[in-house]
Amino acid sequence: MNGKILSIVGGIYKVYSNGHIYSLFSRGVIKHKSFSLCAGDNIEFNENENIIERAYERRNFLIRPRSANVDLLVITMSVVEPELSPELVYKFLTYANLNRIPAAVLFTKLDKLADTSKVDILKSDLEKLGYKVFLISCENTENLQEIRDFLSGKTTIIMGQTGVGKSTAINLIDPHFNRKIGEYSEALGRGKHQTKEVILLPFKEGFIGDTPGFSSLELDLYKEDLAQYFPGYEKYYLECYFSNCLHQKEKECKIKEEIESGNLSKEGYEVYIKLLNQLEFKSQRYRK
Ligand SMILES: Nc1nc2c(ncn2[C@@H]2O[C@H](COP(=O)(O)OP(=O)(O)OP(=O)(O)O)[C@@H](O)[C@H]2O)c(=O)[nH]1
Ligand SMILES: [Mg+2]
Ligand SMILES: [Zn+2]
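Sequential numbering from 19 applies to the sequence shown in my numbering.
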């Protein structure tokens, strides 16, 4: 039988197949397997022996949150606790681009913020770049139907820092999921890593993946990846004079030209420069 891995905990593979969930083992030697299995992998199993026999090729794969065959990454960001960080939203979106996975953005905890002007600006910038943006709060559940419809039929991974409310959002989308909610620690300035592993939850002909949160400094990118995959910049790749242009002071930089002519936003570029200064330069990989 064919199925999809929902989670792997303590050597037990929870696998979804035709509306049923099976607890399976992996023999270690799996035909056609050149990678270690993860949530989202499509597999073939023997239901009498409860053994996974074969893994299918992946369409895509994310190292973090570890998952395969992802249709949509929902970048989740709270507007407070932890504080709204446009840099991190753009960094996560760059990561989605780098992995060639479509992304959307979900802002949470709107009930805790009186002045939403910063969120509104960021939302409008992201929408101009073509991203779908959702705002939610556990106090107001009105716009959840739009999210449910958007996720229908997709394998979605919810990603974001710890404590932003990923599991809370998943429970709002469908209360039956009953995901454990963590605390936000004022003292630590972050959540407490409540969700420990990736788990896919069957939802409307697709799956929603709850995932462990990042701390703010995790998720490494190289400067060159940022330059190539920053939201809005990817379509100009190789149009700068230098193929490894970082869009700073280089001559004939297409990105700077597009900013001058108003096709790319100055605010986005400021975020880009801030991020660039935080990241590591890996020249070796790119030297020809
Ligand atoms: N006021 C308010 N609190 C929220 C909202 N969403 C989440 N929280 C709170 O934020 C804290 C963290 O929520 P979780 O859903 O556990 O966050 P998470 O992103 O799943 O965290 P990890 O599993 O650690 O990655 C909890 O105390 C929630 O009650 C919201 O919309 N409004
Ligand atoms: Mg969680
Ligand atoms: Zn450039």
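Yeah, the Cβ is synthetic: ideal placement off N, Cα and C, and Gly gets one too.
Start and end residues, alpha helix (DSSP H) containing residue i
| i | result |
| --- | --- |
| residue 284 | 284-296 |
| residue 229 | Unbroken run through residue 229: none, as it is neither H nor E. |
| residue 135 | 135-146 |
| residue 27 | That residue, residue 27, is in no alpha helix (DSSP H); its beta strand (DSSP E) goes 20-27. |
| residue 104 | 104-116 |
| residue 272 | 272-278 |
| residue 245 | 241-247 |
| residue 187 | 184-191 |
| residue 168 | 162-169 |
Check: residue i C-beta below 7 Å from any heavy atom of ligand 3
| i | result |
| --- | --- |
| residue 272 | yes |
| residue 265 | yes |
| residue 268 | yes |
| residue 258 | yes |
Nearest-angstrom beta carbon gap, residue j and residue i [assumed within contact, 8 Å]
| i | j | result |
| --- | --- | --- |
| residue 81 | residue 73 | Contact flag wrong, Cβ pair sits at about 17 Å. |
| residue 87 | residue 173 | 6 Å |
| residue 241 | residue 294 | 6 Å |
| residue 162 | residue 151 | Not quite, the Cβ-Cβ distance comes to about 15 Å (not below 8 Å), so this is no contact. |
| residue 284 | residue 277 | 6 Å |
| residue 113 | residue 237 | 6 Å |
| residue 35 | residue 21 | 3 Å |
| residue 121 | residue 91 | 5 Å |
| residue 247 | residue 116 | 5 Å |
Residue i versus residue j: straight-line alpha-carbon distance, rounded
| i | j | result |
| --- | --- | --- |
| residue 199 | residue 64 | 35 Å |
| residue 219 | residue 175 | 10 Å |
| residue 130 | residue 27 | 35 Å |
| residue 171 | residue 225 | 7 Å |
| residue 69 | residue 214 | 25 Å |
| residue 136 | residue 148 | 19 Å |
| residue 23 | residue 202 | 30 Å |
| residue 185 | residue 94 | 10 Å |
| residue 304 | residue 133 | Any reading at residue 304 is ruled out, since the residue's pLDDT is 49, under 50, leaving its predicted position unreliable. |
| residue 196 | residue 291 | 40 Å |
| residue 75 | residue 54 | 12 Å |
| residue 154 | residue 260 | 42 Å |
| residue 297 | residue 180 | 21 Å |
| residue 252 | residue 31 | 37 Å |
| residue 126 | residue 97 | 6 Å |
| residue 211 | residue 85 | 18 Å |
| residue 286 | residue 164 | 27 Å |
| residue 43 | residue 227 | 21 Å |
Endpoints, beta strand (DSSP E) assigned at residue i
| i | result |
| --- | --- |
| residue 62 | 60-64 |
| residue 71 | 69-73 |
| residue 32 | 30-35 |
| residue 218 | 217-221 |
| residue 122 | 121-126 |
| residue 92 | 90-96 |
| residue 152 | 151-153 |
Of the residues the options, the one placed nearest residue i, counting alpha carbons only
| i | options | result |
| --- | --- | --- |
| residue 217 | 106, 177, 19 | 177 |
| residue 79 | 71, 70, 89 | 89 |
| residue 275 | 298, 254, 44 | 254 |
| residue 19 | 25, 264, 40 | 40 |
| residue 104 | 85, 139, 84, 71 | 139 |
| residue 83 | 297, 110, 165 | 110 |
| residue 268 | 289, 249, 245 | 245 |
| residue 229 | 77, 146, 187, 101 | 187 |
| residue 77 | 67, 266, 119 | 119 |
| residue 233 | 288, 289, 37, 100 | 100 |
| residue 250 | 71, 108, 209 | 108 |
| residue 191 | 209, 66, 167, 141 | 167 |
| residue 231 | 243, 209, 239 | 209 |
| residue 157 | 183, 266, 141 | 183 |
Cβ-heavy atom distance, residue i to ligand 1, below 7 Å
| i | result |
| --- | --- |
| residue 249 | no |
| residue 120 | no |
| residue 130 | yes |
| residue 307 | For residue 307 there is no data in the structure shown, the boundaries of the chain being 19 and 306. |
| residue 126 | yes |
| residue 217 | no |
| residue 207 | no |
Residue i beta carbon near ligand 2 (any heavy atom closer than 7 Å)
| i | result |
| --- | --- |
| residue 212 | yes |
| residue 192 | no |
| residue 178 | no |
| residue 185 | yes |
| residue 228 | yes |
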